[in-house]
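Right, one structure below, let's go through it.
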Amino acid sequence: METADAIVIGAGIVGSATAYYLAKSGLDVMLVDRRHPNAGGTASQACAGGVRQQGRAPEEMPLAIYSIALWGNLEAELEADLHYRRHGMTVVTDDENLIPSMAQRIESEQTLGLNIELIQGRQLHDLVAGLSPQILAGSHCPTDGHADPLRTINAFVEAARRRGARIKWDFPVEDLVVEKDRIIAVKSAKGSVACRHAVLAAGYWSQSIAASAGIDLPFVHIPLQMMVTARRPHALDQVLGWVGHGISLKQVPSGGFVIGGGWPGHGTPQTYQTQLMPGSMAKSARITVNLFPSLAGVPIVRAWLGIEAFCKDEMQVVGPAPGVDGLIFATGFSGHGFATGPGIGSLIAEFIANGQWSDMLKPFGIERFNT
Ligand SMILES: Cc1cc2nc3c(=O)[nH]c(=O)nc-3n(C[C@H](O)[C@H](O)[C@H](O)COP(=O)(O)OP(=O)(O)OC[C@H]3O[C@@H](n4cnc5c(N)ncnc54)[C@H](O)[C@@H]3O)c2cc1C
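All the letters of the sequence shown, read from the start, carry residue numbers 738 to 1108 under my numbering.
Structure, rendered in structure tokens:
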């Protein structure tokens, strides 16, 4: 049987980052995935690429701020162009009744250490040229931004490989082998790997793998839609969100405008097959034009979906598995795990290498559902 100090199950943003940081800390690491990271259908591949801190739950803010600091050096660290842009994000509203609650959120995020401010009227339209005149105010965080998800995952995988990690595609883990309350191996139809540590980072699919060790992860799967317009000359630096309208908008370096915001479609996790809902695509396109009117008439050239694991409290499960030494969960990111993936990976690697579980991760253990 092959062996590894640590096996990471799943090569999305979380697993690939974890494998990289584990390899960097000198461990003998194996990263396995049922498919190839570019095969489509998973959350990390489909993701909108937003790298944001604002709008996070208070318990997640320290992790988000820590992660964004890592992003600042990630291209140099991974020796890759991730198309990372840190030009800010502004979440806007056209409803004056929502401005007080926006101001309140900004104030509480400031007390958590985030650089964020309320911007209104002329000042807002000077900051974000092209916004609809109906937009009244926005919360602006200058250190939020966006990056290319596929470039980022592939860069982590290749950097992990350069640091000595072994990578296996087409390796569908079926069982966690537990003996005397300790993980000793993972099993797949393609063979077994003995390990001292296993990090379960298989997105929605973590649920059935955890069940093999008798652990229930309270997840549902939600396939989310994305689309991108034809290329246009550069017109938007920031990421935009629109409160109450389910829209996120950014212009990527190639010139396309990427439109997301959590619009669900259809999907089957067993086969990774997904299906768009044309009605909701049309609706989100119309809302986007209301937000950024110069997009009227610009064709949508591609749309896609990814299957995301939503935990029942919409917060990730990250932590050692109770009753199974050596098994660590890093899963269930509920629509917001791309930005924090590198931070999670780095902190899990620190734990496996040094035995220190970061305070930043303490709110996310599975035990929270037992109280
Ligand atoms: C459309 C969309 C837009 C999003 N936009 C943003 C955003 O702008 N910003 C943000 O922060 N977050 C965003 N998210 C959320 C973010 O993408 C996810 O939270 C994050 O990518 C989850 O990563 P993951 O590595 O946990 O899981 P996944 O990306 O789902 O990866 C899991 C991996 O495990 C593999 N796997 C499955 N079963 C097995 C098995 N049995 N054995 C081995 N491997 C297996 C899968 O093939 C897959 O590669 C978005 C999500 C979606 C769907």
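Don't be surprised by glycine CBs; every beta carbon is placed ideally from N, CA and C. Please read these numbers as outputs of a predicted model, since none were measured by experiment.
Can you tell me where the beta strand (DSSP E) with residue i in it begins and where it stops?
| i | result |
| --- | --- |
| T830 | 826 to 830 |
| F994 | 994 to 1001 |
| T740 | 739 to 746 |
| A866 | From DSSP, A866 is part of no beta strand (DSSP E); its letter is neither H nor E. |
| K927 | Counting along the chain, K927 falls outside any beta strand (DSSP E), and DSSP gives it neither H nor E. |
| T1012 | Note that residue 1012 corresponds to Gln in the displayed sequence, not to Thr. Where Q1012 is concerned, the enclosing beta strand (DSSP E) stretches over 1010 to 1012. |
| S991 | Element bounds for S991: n/a, residue is neither H nor E. |
| L977 | 976 to 979 |
| F1047 | 1037 to 1048 |
| G752 | Note, G752: premise wrong, no beta strand (DSSP E); alpha helix (DSSP H) at 750 to 761. |
| G1056 | 1054 to 1057 |
| F1066 | 1064 to 1068 |
| E833 | Where E833 is concerned, there is no enclosing beta strand (DSSP E), given that its DSSP letter is neither H nor E. |
| I904 | 903 to 905 |
Using a threshold of 8 Å, state whether the C-beta atoms of residue i and residue j are closer than that.
| i | j | result |
| --- | --- | --- |
| L811 | Y821 | yes |
| P955 | C1048 | yes |
| A931 | T755 | no |
| E854 | H877 | yes |
| P1059 | I1065 | no |
| I746 | I946 | yes |
| K924 | E911 | yes |
| I920 | A935 | yes |
| A743 | V766 | yes |
| A1019 | V1026 | no |
| P970 | G999 | no |
| S869 | F1029 | yes |
| G1004 | H958 | yes |
| K972 | S1031 | At residue 972 the sequence reads Ala, which differs from the Lys that was named. The answer is yes: Cβ separation under 8 Å. |
| L986 | T827 | no |
| A1046 | G940 | yes |
| L1013 | Q1093 | no |
| M1052 | L800 | no |
| A942 | P1006 | The sequence given here has Trp at residue 942, not Ala. Going by C-beta atoms, W942 is nearer than 8 Å to P1006. |
| V914 | I904 | no |
With a cut-off of 8 Å on the beta carbons, I'd call residue i and residue j a contact; round off their distance for me.
| i | j | result |
| --- | --- | --- |
| A785 | V1035 | That belief does not hold up - the Cβ atoms of A785 and V1035 are roughly 18 Å apart, past 8 Å. |
| L819 | T889 | 5 Å |
| T779 | L937 | Actually they are not in contact, since the Cβ atoms of T779 and L937 sit about 15 Å apart, beyond 8 Å. |
| A884 | M964 | Incorrect: roughly 18 Å between the Cβ atoms, too far for contact. |
| I1024 | H982 | 5 Å |
| A896 | L815 | 5 Å |
| D881 | V788 | 7 Å |
| A950 | V1061 | 6 Å |
| G1063 | R933 | 6 Å |
| G825 | Q975 | 5 Å |
| P795 | L849 | 6 Å |
| G1002 | T1011 | 6 Å |
| I984 | S1021 | 6 Å |
| M738 | A922 | 7 Å |
By Cβ distance, which residues of its chain are closer than 8 Å to residue i, with the 5 residues on each side in sequence left out?
| i | result |
| --- | --- |
| S1109 | In the structure as shown, the chain begins at 738 and stops at 1108. Residue 1109 is therefore absent and cannot be evaluated. |
| V989 | G786, H820, H883, D885, V965, V995 |
| L887 | P774, N775, Q782 |
| A866 | A972 |
Along the chain, where does the alpha helix (DSSP H) that runs through residue i open and close?
| i | result |
| --- | --- |
| M963 | Element bounds for M963: not the alpha helix (DSSP H) but the beta strand (DSSP E), 956 to 966. |
| I1024 | 1015 to 1028 |
| L873 | Run containing L873: none; DSSP gives neither H nor E here. |
| I856 | Here I856 belongs to no alpha helix (DSSP H); instead the beta strand (DSSP E) covers 854 to 857. |
| R888 | 886 to 899 |
| L815 | 798 to 815 |
| L1084 | 1078 to 1091 |
| H791 | Looking at the sequence shown, residue 791 is not His but Gln. Neither: Q791 is in no alpha helix (DSSP H) and is coded neither H nor E. |
Give every residue of the same chain whose Cβ lies closer than 6 Å to the Cβ of residue i, excluding the five residues on either side of it in the sequence, and list them in chain order.
| i | result |
| --- | --- |
| A1090 | S762 |
| V829 | I872, G875, W979 |
| R900 | A760, K761 |
| F908 | V769, S925, K927 |
| R771 | P909 |
| G1102 | G1056 |
Only counting the same chain, and skipping five residues up and downstream in sequence, which positions put a Cβ closer than 7 Å to that of residue i?
| i | result |
| --- | --- |
| Y758 | G1082, S1083, A1086 |
| L851 | Q790, Q791, M798, I802, C878 |
| D1079 | For clarity, residue 1079 is Pro in the given sequence; the question names Asp instead. Answer for P1079: A754, S804, L807, W808, L811, listed in chain order. |
| A892 | L815, A817, L819 |
| L764 | D742, A743, I1089, A1090 |
| W906 | D770, R772, H773 |
| P1100 | E796 |
| I843 | I853, E854, L855, S876 |
| R898 | I904 |
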